[in-house]
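Numbering (our numbering), first residue to last: 741 to 1017.
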Ligand code: SAM
C-alpha cells in the first residue's frame, strides 16, 4: 500500500544519506547475526530501509529518529511493523539505559555525530554486546587503527579497550541517495568479556586517554602535565612500565594505557576562574 505520508526531502545537516541498495541492507543484518530472540536498537531509521529488514529478523526494534517529518513518514508504516517502536528523539539524549541488556545496535549512523554516538555506546558496553554500524571510512580506520598508525587516537584506544573491531566492508557512495561526499564502511564491534583488561574507573581512564592525545606534538609526559597530571608521577609510572620519558601517546598500546591508568591517580581538578579570584 502506498505510504499516505509525503516523503520529506533529505536534510544534509542531519546526515541524511539513505541506503538504497537492498544487498547492503541484507549484508548488514547478516553481519549483526540478529535472531528472532533479539532486541535491536537502530539509530536514525530514516526512510526505513534497514528498519524493515531488522523488523523481519528481530523480536523487537527500537528505532530513534530525530527528524519529526521522517518519524511521521515511518509512523504511517507502523501497522506493517508491530514489533518496532518508533521514537522521535535525539539519540544522544535518549535514555538508552532503559533498553534491555543484550540489545544489539545496528545502524547507518548520521556521520556528523558518529564519534559522540560511538563514545556514548561504548560507555554502555555492558548493555550492548554487539554493534554493527555504517560509519564514514575515516572513522572506521580510527576505530581499527593500531599504535603508531596515523589514525590511532582516543577513539581507537577506547573502542579497542571495549571491543574486538572488524572493518567488515566498504560501501560505495552509489548505494546511497543522496550520495555522501565521504567514503563509507561497515564496522562490527564485539564487546570483550568483562575482566579481559580492567582499567579501574572508566571515566578516569577515558580522561587519561583524552589527556594523553590532547597535544599530539608533545611527549606523553608534557601532554599529561598540560592537562593537570603531576609530571613526577607520570615519569615514575612510565619508568615502572619500562617506557622512556620521551614516549608519545600514539605509540602506547591499549594494554599500556590501562597499566598507566592503574598507576596514575586522577589529577586534582583545577579551580575554576571564580574560585581563583
Ligand atoms: N537508516 C537509514 C538508512 O540507512 O537509509 C538512514 C540513515 S541516515 C545516514 C542517518 C539518519 O539519522 C537520518 O534519518 C537522520 O535524520 C537521523 N539522525 C540524525 N541525527 C540524529 C540524532 N541525533 N538522533 C537520531 N537520529 C538522527
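By construction, the Cβ of each residue, glycine as well, lies at the ideal position given by its N, Cα and C atoms.
- Just so you know, the alpha carbons of residue 775 and residue 886 end up roughly 32 Å apart.
- Residue side-chain check: residue 877 keeps its Cβ at 6 Å or more from all non-hydrogen atoms of the ligand SAM.
- Non-local beta-carbon contacts of residue 879 in its own chain, meaning distances under 7 Å to residues more than five positions away in sequence, involve 854 and 855 in chain order.
- For residue 768, the uninterrupted alpha helix (DSSP H) run begins and ends at 762–772, by DSSP.
- Going by C-alpha positions, residue 893 is about 45 Å away from residue 819.
- Shown here for residue 920: same chain residues with a beta carbon closer than 8 Å to its own, the five before and five after excluded, namely 757, 851, 876 and 913 in chain order.
- According to DSSP, residue pairing for residue 803 in a beta bridge involves 782 and 826.
- Per DSSP, the unbroken beta strand (DSSP E) holding residue 904 starts and ends at 903–911.
- Each of 871, 809 and 953 was checked against the Cα of residue 926, and the nearest Cα belongs to 871.
- Taking non-hydrogen atoms of the ligand SAM into account, the C-beta of residue 768 is found less than 6 Å away from none of them.
- In the assembly as shown, residue 785 is a buried residue. Its beta-carbon has 16 or more other beta-carbons within 10 Å.
- With respect to the C-alpha of residue 965, the residue from 928, 842 and 1005 having the closest C-alpha is 1005.
- Only exposed fits residue 991, as fewer than 16 other CB atoms lie within 10 angstroms of its CB.
- Assigned with DSSP and collapsed to three states, residue 965 falls in helix.
- One Cα belongs to residue 963, the other to residue 979, and the distance between them is close to 17 Å.
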